[in-house]
Amino acid sequence: AEAAEMAAAAAAAAAAAAAAAAAGGRKKKKKSEEPLQVIRKMTEKYEAPSANANAASASEGAPSGPPAHKCLRKRVFNVVGEAIRIDFHYGEGRITASSKVFYKDGTHELVEVDPLEPKPKDTELQEEFQALLAAEKQCMQDIRDVEKEVKDVVNNRNKEEQNINLITPYFDIVRVKQEESDDEGDKDEEKVEHDYLSPFLPALIAGQGLAKSEAMDVRERCLKGLKDRLIERANIVQARHDEETAALAKRQANFQRDRDQMSRAEEEEYDRACDESMFRIHILEQRLKRHEEQALQRYYALDSQLRSDGRLSILMDPNA
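Using my numbering, the letters of the sequence shown correspond one by one to residues 75 to 394.
Dropping the structure here:
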């Protein structure tokens, strides 16, 4: 009997622990979910029918719409007060409007400004009340859908802001590529010039030095080789600049000729092409200017290097 009581107590304790764990899980789950905002009242507004539209329909033989005092002006769903109020538009020449109030306990209040208007039957009021309950439910569902849509938009925006991917503009890509090509060209020239004097040195016997006239000739040919390469590079950049300038001038002339026949898309394409051409021309002008500045510096640097080169030291010897 004691064993049975102990087993029953253990089972009860296990069941209580499982229930507490389940309740704790439910509580945690509820905490993780954001509570929905409480909807206290919802209002729908409607425009008044146009008198001109009704007159036009009547003149064409089509059935005209209901009069203004029969059209909804405002529909208020008082969720907290458990009531639904309907206000109609003002009739022609009237300063008061009809209204209806339906309570969810089954009662209702009617205000009819026209005393000759027949009173609605109870069945009609009941059908209208059921239709209003369905409209209230649909209105609340529409609000919840909009709230969910806004929440999704905000969440997606937050995710996008946390994972921002920078897109490099087209002009920056062109500029970086051109700078890299300049750097590669400079590296290639450095590789060729690592033994800058060997192409200009004459064949000598081991231990034999250069005569002063030979050293002078080596120096002149070395400087001339650098000067020719610098001029050739400047001519290449200038040719590309002239080509871009001519293409831009031709494009502008064609635009002035066919401007009246061009579409909006073609004009936008022309503007984009002109902007790209002007950008390339500007880059080439900068490259040419930088090349001219660096050419003089490189020429003086090579001349100084030749003066300090031991193989041409005879040029610095006044007694030679």
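Heads up, the beta-carbon is just placed ideally off N, CA and C, and yes, glycines get one too.
Neighbour-count burial assignment, residue i, 16 or more Cβ in a 10 Å radius
i              : result
valine 112     : exposed
alanine 289    : buried
isoleucine 158 : buried
lysine 103     : Reliability of the predicted coordinates at lysine 103 is poor, the pLDDT of 48 falling under 50, and the value obtained from them is presented with this limitation in mind. Looking at its Cβ environment, which holds fewer than 16 other Cβ atoms inside 10 Å, lysine 103 is exposed.
leucine 358    : buried
arginine 231   : exposed
glutamate 318  : buried
glycine 384    : exposed
lysine 174     : buried
arginine 381   : exposed
arginine 361   : buried
leucine 386    : buried
arginine 149   : buried
Of the residues the options, the one placed nearest residue i, counting alpha carbons only
i                 : options                        : result
leucine 322       : Arg354, Leu146, Glu294, Val292 : Arg354
aspartate 377     : Asp246, Val292, Asp345         : Val292
glutamate 121     : Asp345, Lys144, Gln236, Glu210 : Lys144
glutamine 330     : Glu318, Tyr344, Glu210         : Tyr344
glutamate 294     : Val311, Glu306, Pro273         : Pro273
phenylalanine 245 : Glu350, Gln236, Ile238         : Glu350
valine 154        : Arg114, Arg338, Glu108, Phe176 : Arg114
histidine 356     : Gln371, Leu370, Ala339, His315 : His315
glycine 299       : Thr242, Glu118, Leu271, Ile310 : Leu271
leucine 304       : Gln368, Lys222, Val185, Glu191 : Gln368
aspartate 302     : Leu370, Leu240, Thr242         : Leu370
lysine 363        : Pro192, Lys225, Ala209, Val311 : Val311
glutamate 118     : Arg168, Leu206, Glu191, Ser255 : Leu206
glutamate 221     : Arg168, Glu210, Glu108         : Glu108
Nonlocal neighbours in the same chain, by C-beta distance under 8 angstroms from residue i, ignoring five residues either side
i              : result
alanine 171    : His143, Arg147, Asp161, Phe162, His163, Tyr164, Gly165, Val187
arginine 218   : Leu110
proline 347    : One detail in the question is off: residue 347 reads as alanine in this sequence, not proline. Once the five neighbours on either side are set aside, the close Cβ partners of alanine 347 are Arg325.
leucine 297    : Tyr373, Leu376, Asp377, Leu380
glutamate 366  : Ala308
methionine 390 : Arg381
methionine 336 : Phe329, Tyr344
leucine 190    : none
Chain-order list of residues whose beta-carbon lies under 7 angstroms from that of residue i (same chain, five-residue window excluded)
i             : result
proline 123   : Gly139, Ala142, Cys145
leucine 199   : His182
glutamate 234 : none
Close beta carbons around residue i, own chain, < 6 angstroms, minus the five adjacent residues each side
i                 : result
lysine 178        : Glu156
methionine 116    : Phe151, Cys213
methionine 352    : none
lysine 195        : none
phenylalanine 203 : Phe176
leucine 184       : Lys174
asparagine 239    : none
glutamate 210     : Phe151
Residue i at chain C interface by Cβ criterion, 8 angstroms
i           : result
alanine 347 : Judged by its chain identifiers, the structure shown contains no chain C, having just a single protein chain.
Complete runs of the alpha helix (DSSP H) confined to the segment 113-192 [at least 4 residues]:
125-133
Quick one: which unbroken alpha helix (DSSP H) runs of 4-plus residues sit fully inside the segment 277-363? Chain order, please.
286-332
Please specify which runs of the alpha helix (DSSP H), each continuous and at least 4 residues long, are wholly inside the segment 196-260, giving them in chain order.
196-236
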